[in-house]
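Those protein sequences? They're chains A and B, same order as listed. Heads up: the first sequence begins at 1 in this note's numbering, then just goes up one per residue. Heads up: the second sequence begins at 1 in this note's numbering, then just goes up one per residue. Built from N, CA and C at the ideal position, the CB exists for glycine as well. For clarity, every value in this text was computed on a predicted model and none was experimentally measured. A quick write-up on the structure given underneath.
There are 2 protein chains.
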Amino acid sequence: MATIKDVAREASVSVATVSRVFNGAAVVREETARRIRDVAATLRYAPHGGARSLITRRTHTLGVLLPDLYGDFFSELIHGIDITARREGYHILVSRSWEGRTEIEEAMRAMKGRVDGLLLMSPDVDAESLRNIPHGLPVVLLCTPAGGASVDSIIIENFRGAKEMVRHLISLGHGRIAIIKGAAGNYDAAERLRGYRAALRDAGLQVDGELEIDGDFTEAGGYAAVVELLARDPRPTAIFAANDSMAIGALSALRETGVRVPQEIAVGGFDDIPLARYMDPPLSSVRVAIADIGALAVEAVLHSINHKNGRGPQRKRVSTELVIRRSTGAPYAERP
Amino acid sequence: MATIKDVAREASVSVATVSRVFNGAAVVREETARRIRDVAATLRYAPHGGARSLITRRTHTLGVLLPDLYGDFFSELIHGIDITARREGYHILVSRSWEGRTEIEEAMRAMKGRVDGLLLMSPDVDAESLRNIPHGLPVVLLCTPAGGASVDSIIIENFRGAKEMVRHLISLGHGRIAIIKGAAGNYDAAERLRGYRAALRDAGLQVDGELEIDGDFTEAGGYAAVVELLARDPRPTAIFAANDSMAIGALSALRETGVRVPQEIAVGGFDDIPLARYMDPPLSSVRVAIADIGALAVEAVLHSINHKNGRGPQRKRVSTELVIRRSTGAPYAERP
DNA sequence: CCTATTTATGTAAACGATTACATTCTTGCC
DNA sequence: GGCAAGAATGTAATCGTTTACATAAATAGG
Numbered sequence: 001m002a003t004i005k006d007v008a009r010e011a012s013v014s015v016a017t018v019s020r021v022f023n024g025a026a027v028v029r030e031e032t033a034r035r036i037r038d039v040a041a042t043l044r045y046a047p048h049g050g051a052r053s054l055i056t057r058r059t060h061t062l063g064v065l066l067p068d069l070y071g072d073f074f075s076e077l078i079h080g081i082d083i084t085a086r087r088e089g090y091h092i093l094v095s096r097s098w099e100g101r102t103e104i105e106e107a108m109r110a111m112k113g114r115v116d117g118l119l120l121m122s123p124d125v126d127a128e129s130l131r132n133i134p135h136g137l138p139v140v141l142l143c144t145p146a147g148g149a150s151v152d153s154i155i156i157e158n159f160r161g162a163k164e165m166v167r168h169l170i171s172l173g174h175g176r177i178a179i180i181k182g183a184a185g186n187y188d189a190a191e192r193l194r195g196y197r198a199a200l201r202d203a204g205l206q207v208d209g210e211l212e213i214d215g216d217f218t219e220a221g222g223y224a225a226v227v228e229l230l231a232r233d234p235r236p237t238a239i240f241a242a243n244d245s246m247a248i249g250a251l252s253a254l255r256e257t258g259v260r261v262p263q264e265i266a267v268g269g270f271d272d273i274p275l276a277r278y279m280d281p282p283l284s285s286v287r288v289a290i291a292d293i294g295a296l297a298v299e300a301v302l303h304s305i306n307h308k309n310g311r312g313p314q315r316k317r318v319s320t321e322l323v324i325r326r327s328t329g330a331p332y333a334e335r336p
Numbered sequence: 001m002a003t004i005k006d007v008a009r010e011a012s013v014s015v016a017t018v019s020r021v022f023n024g025a026a027v028v029r030e031e032t033a034r035r036i037r038d039v040a041a042t043l044r045y046a047p048h049g050g051a052r053s054l055i056t057r058r059t060h061t062l063g064v065l066l067p068d069l070y071g072d073f074f075s076e077l078i079h080g081i082d083i084t085a086r087r088e089g090y091h092i093l094v095s096r097s098w099e100g101r102t103e104i105e106e107a108m109r110a111m112k113g114r115v116d117g118l119l120l121m122s123p124d125v126d127a128e129s130l131r132n133i134p135h136g137l138p139v140v141l142l143c144t145p146a147g148g149a150s151v152d153s154i155i156i157e158n159f160r161g162a163k164e165m166v167r168h169l170i171s172l173g174h175g176r177i178a179i180i181k182g183a184a185g186n187y188d189a190a191e192r193l194r195g196y197r198a199a200l201r202d203a204g205l206q207v208d209g210e211l212e213i214d215g216d217f218t219e220a221g222g223y224a225a226v227v228e229l230l231a232r233d234p235r236p237t238a239i240f241a242a243n244d245s246m247a248i249g250a251l252s253a254l255r256e257t258g259v260r261v262p263q264e265i266a267v268g269g270f271d272d273i274p275l276a277r278y279m280d281p282p283l284s285s286v287r288v289a290i291a292d293i294g295a296l297a298v299e300a301v302l303h304s305i306n307h308k309n310g311r312g313p314q315r316k317r318v319s320t321e322l323v324i325r326r327s328t329g330a331p332y333a334e335r336p
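Structure below.
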């Protein structure tokens, strides 16, 4: 692979001049510049990113560490991150972290020297890991409890959103409302559960452990949860799934067992993934501007990168919006 | 941020020894090693990836260049790539390329020196761009016409899959089968269209341009296409959507206009995304092991990286499988 | 035609690691 | 105790860039 030296030699100039042509910094005689560009093209020369970042101390890359890459939520999140990052001239280095702290720390070390900042989502893990972030690496936490750690963070207003959805179900007259919980230990899941309970209590309804079914944020989990719920006696008349994927699985299970939605059981989800409106019946959900989370996070980390002086940890919350469709009894269809 | 020199100084050893501890290469006295690790921990030292790769000429990173990051297909593809890459100790640098050749070339240059190999998907673009790949960078093409270029490639058996689906529709007695085409200029889309036409011809049916509606691989596109199709007289009795997202949009439109699926119109998709089985009715589709594409691609590029000697371009095809569910009249439900 | 500016180019020192080779320190053996 | 062999550590070159500084070339002013 051609290096800057090869180009310099072929064009009979010094490496400095070649570098200048490629960085547009200083003035280079037009004729020289053209000659250098020609040589570079025939040699298929492209600057070596690693070497360049070694001295400029900029990689123009953001690390993105997510618990998973699968499904609509992460798809949209990555999309949002990418759009914003790209607009600012940054690339993204995506990685997935499995279980626990060591994995995450290992991933973070691996990113040292290859990224200018880090977007970290790790809703299952305490903030302890953050103590070992290589010093000087700007980090933004996504949907992750920051604990006492002094880092920026972006979280969804899970509590409020869940509460609104459940309040909506109550306002429709439902008294026995079940919840399909999110993954155990997950921060968003815990907050949504908290919102669910708060709404019940506010309405003077009883919080009943029997109506809180375990889930794992997957379609299959939602399906299984409904199978379990239908065995309850008396049955719930409404189900709040802690995310849309589970709600979709739930709808599928209800359909197969011949339970009419929303007449017999109403179903609400969370996230408002693009597909929600294409379900039958279209799924009521709590809209989260997922792409916005990504955009906000990128902006935050870029700010840290460009203004090294800390202004104290910023905590942003992304608000939610109740989207009522037919699965909770909205009468008319929404045209996509 | 701490460097290897800082660690060496604090631990009163040379940088070489520190390096050895972190690479496990040569023997270091246990006591010394421990002291170095302690110092490294308190200094929060992590090796600088860029500097390291400069001399080892390995970044342990794969570049992934996709036309989009949005939706189930790419989500699953990235997931498959990540799983395999990670198993082999590689990270992935994801980027999205918009329109045309210059964008792609620019992205490829940006990856120079930061990746050991490149996974490139660019179904809309001719293979011309590939001429400008920095020399010596192993590349694998995903779902992209390779043309005459001498690179590895992985493609889906679009033609066969589409043909099978349409043949299935024909075998159910359908004579007026419409297709919602994929994005214009897209390779997969073109092949699926070709398969559709071939199946019709093989069955002695007429290929009718009126029944070939433009689409763009999105739900909204599928929805709009159906609106247009329903205006046709006579109506088609079956619709083959070139991917599942469009099929889902199509189902939604049919439902809203009160057309029963599959009794009045049967619908088939392509890709078999996880959601297909959760639709109402569950969507018949052509299963593509999307994650396998990613895995195969990673293996191919890793092979090129580790065995620089070319063995000529490898072309792998990922086969498809017809999955019949109720949207084309399968009588029984499949349990998720 | 000579000097003072301005403009274009070259030289060489970083950046943070790895690693071949050189050197020093331990051992074990006679 | 002396010496050879082996183990542990150090020295310095290297990877491909950028960039401050030095130098050479071109231009202007007299």
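Contacts of residue i in chain B (Cβ-Cβ under 7 Å)
i	result
LEU54(A)	GLY50, ALA51, LEU54
SER150(A)	Neighbours of SER150(A) on chain B: none; closest Cβ ~15 Å, over 7 Å.
SER19(A)	Neighbours of SER19(A) on chain B: none; closest Cβ ~14 Å, over 7 Å.
Cutoff 6 Å; reference residue i; Cβ partners in own chain excluding five residues on either side
i	result
SER284(A)	GLY268, ILE324, ARG325, SER327, THR328
ASP152(B)	VAL140, ALA300, PRO313, GLN314
ILE4(B)	VAL15, VAL18
ALA199(B)	LYS163, VAL166, ARG167
VAL259(B)	ILE265
ALA183(B)	ALA189, ASP216, PHE217
GLY185(B)	ASP124
Own chain, CB closer than 8 Å to residue i, minus 5 neighbours either side, in chain order
i	result
LEU205(A)	ILE170, GLY175, ILE177
VAL39(B)	VAL7, GLU10, ALA11, TYR45
Neighbour list for residue i in chain B, Cβ cutoff strictly below 8 Å
i	result
ASP82(A)	LEU69, VAL94, SER95, ARG96
ILE290(A)	By Cβ distance, chain B contributes nothing, its closest Cβ being about 11 Å from ILE290(A), past 8 Å.
ARG37(A)	Here the premise fails: no neighbours, minimum Cβ distance about 13 Å.
Any C-beta of chain B under 7 Å from that of residue i
i	result
LYS112(A)	yes
ILE265(A)	no
ARG326(A)	no
ILE239(A)	no
HIS340(A)	Since the first and last residues shown for chain A are 1 and 336, residue 340(A) lies out of range.
ALA46(A)	yes
ARG337(A)	Since the first residue of chain A shown is 1 and the last is 336, residue 337(A) is not available in this structure.
SER304(A)	no
Under 7 Å from the C-beta of residue i: neighbouring residues of chain A
i	result
ASP244(B)	The contacting residues do not exist; ASP244(B) stays about 10 Å from chain A at best.
ARG287(B)	Here the premise fails: no neighbours, minimum Cβ distance about 16 Å.
Buried versus exposed, by CB contacts within 10 Å (16 or more), residue i
i	result
LYS112(B)	buried
THR56(B)	exposed
PRO123(A)	buried
SER150(A)	exposed
ALA33(A)	buried
GLY136(A)	exposed
PRO234(A)	exposed
THR102(A)	exposed
ARG201(A)	exposed
HIS48(A)	buried
ALA225(B)	buried
VAL207(B)	exposed
Within chain A, partners of residue i - CB distance below 8 Å
i	result
GLU219(B)	PRO274, LEU275, TYR278, PRO336
PHE74(B)	SER75
Chain-order list of residues whose beta-carbon lies under 7 Å from that of residue i (same chain, five-residue window excluded)
i	result
ARG194(B)	PHE159
ASP292(B)	GLY80, VAL318
PHE74(A)	LEU66, ASP68
7 Å Cβ cutoff, residue i in contact with chain A
i	result
ILE78(B)	yes
ARG167(B)	no
HIS174(B)	no
ILE248(B)	yes
ARG109(B)	yes
SER252(B)	yes
Partners in chain A for residue i, counting only beta-carbon separations shorter than 9 Å
i	result
SER153(B)	Per Cβ cutoff of 9 Å: no residues; SER153(B) is ~21 Å from chain A at best.
Expected contact under 8 Å - CB spacing of residue i and residue j to nearest Å
i	j	result
GLY117(A)	ILE305(A)	5 Å
MET246(A)	GLY215(A)	5 Å
Closer than 9 Å at the beta carbon, the chain B residues around residue i
i	result
ALA144(A)	Before going on, a small fix: residue 144(A) reads as Thr here, not Ala. Chain B residues near THR144(A): none, gap ~20 Å exceeds 9 Å.
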